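Enquirer: Chains as they are written, first to last, in the numbering used here: chain A, 94 to 233; chain B, 135 to 226. Next up is a structure, given as structure tokens.
Now the structure itself:
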């Protein structure tokens, strides 16, 4: 009975250790690491993707600051107003403008990444990435 | 064989009048339940057999590896998609 219990506990620990070790070992350290693993790309391609990733990060960073600022302004106007004023309309339009610019920049980056992939994998990449991104922007 | 009139008379007068104690039925079922091997006990007793234990360990190991790789893949995809969308934090 005791031996069986110890064996059962050992098996449970083994399964948990296998799960944790595999998930840690296979988790990519960078976003492009996942892309390379998923599409079986070589190290030289991974280097180019990392460069694109860095370039995109520097381009899209300012959008976050602008969006924070525009959201703050919009929040203040919504609280202070009792109706849809021209200022409120302008503040909403401003958040939409930033979001549109960010999405265009994002799509440019996606196409840049897709151009680095083998032709037979480009379509799969676009099909996989674009719907998820459009969903994340509020189902537009 | 002719019936014994004395015995017949005795049997006719005899009446069984035993009453079951309160909770008799519940007690019977609880004793049956106590003797029945529980699932975990059954599993533990199975693990005492080396071949069964080895086969179970192999299945659990493979399941752990598979689940871990699926989890890593899913986490990687989420990481990638979040890195693409600079305004994800503002939308949610």
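Note that CB positions come from ideal geometry on N, CA and C, so glycine has one too. In this text the structure is predicted, and so the values were computed from the model without any measurement.
If we count Cβ pairs, one from each stretch, closer than 8 Å, do we get three or more for the region 151-159 of chain A versus the region 183-198 of chain A?
Expert: Output reads yes: the region 183-198 of chain A touches the region 151-159 of chain A.
Enquirer: Does residue 190 (chain B) have its Cβ less than 8 Å from a Cβ in chain A?
Expert: Yes, because at least one Cβ of chain A sits closer than 8 Å to the Cβ of residue 190 (chain B).
Enquirer: Of all the alpha helix (DSSP H) runs that stay within the bounds of the region 95-173 of chain A, which reach a length of 4 or more residues?
Expert: DSSP runs (the alpha helix (DSSP H)) wholly in the region 95-173 of chain A: 95-119, 124-132, 136-173.
Enquirer: Does at least one heavy atom of the ligand GDP sit under 7 Å from the Cβ of residue 157 (chain A)?
Expert: Questions concerning the ligand GDP fall outside what the structure shown contains, since it holds no ligand whatsoever.
Enquirer: Considering Cα atoms alone, identify which of B:207, B:221, B:189, B:167 is closest to residue 121 (chain A).
Expert: The candidate whose alpha carbon is nearest that of residue 121 (chain A) is B:207.
Enquirer: With 8 Å as the limit, tell me which residues of the region 96-110 of chain A have their beta carbon closer than that to any beta carbon of chain B; keep them in chain order.
Expert: Cβ contacts with chain B come from 96, 97, 98, 100, 101, 103, 104, 105, 107, 108, 109, 110.
Enquirer: So, is the C-beta of residue 168 (chain B) closer than 8 Å to a C-beta in chain A?
Expert: Cβ-Cβ to chain A under 8 Å: no for residue 168 (chain B).
Enquirer: Is it true that the region 107-127 of chain A meets the region 188-207 of chain B, where meeting means three or more beta-carbon pairs spaced less than 8 Å apart?
Expert: Touching, yes.
Enquirer: Expressed to the nearest angstrom, what Euclidean distance is found between the alpha-carbon atoms of residue 132 (chain A) and residue 180 (chain B)?
Expert: Approximately 43 Å, taken between the alpha carbons.
Enquirer: For residue 177 (chain A), name the three-state secondary structure that DSSP assigns.
Expert: Correct three-state label for residue 177 (chain A): coil.
Enquirer: Near residue 205 (chain A), which residues of its chain fall below 6 Å by C-beta distance, leaving aside the five closest residues on each side in sequence?
Expert: Here the set comprises 145.
Enquirer: Mind checking if residue 205 (chain B) is an interface residue toward chain A, Cβ cutoff 8 Å exclusive?
Expert: Interface residue, yes.
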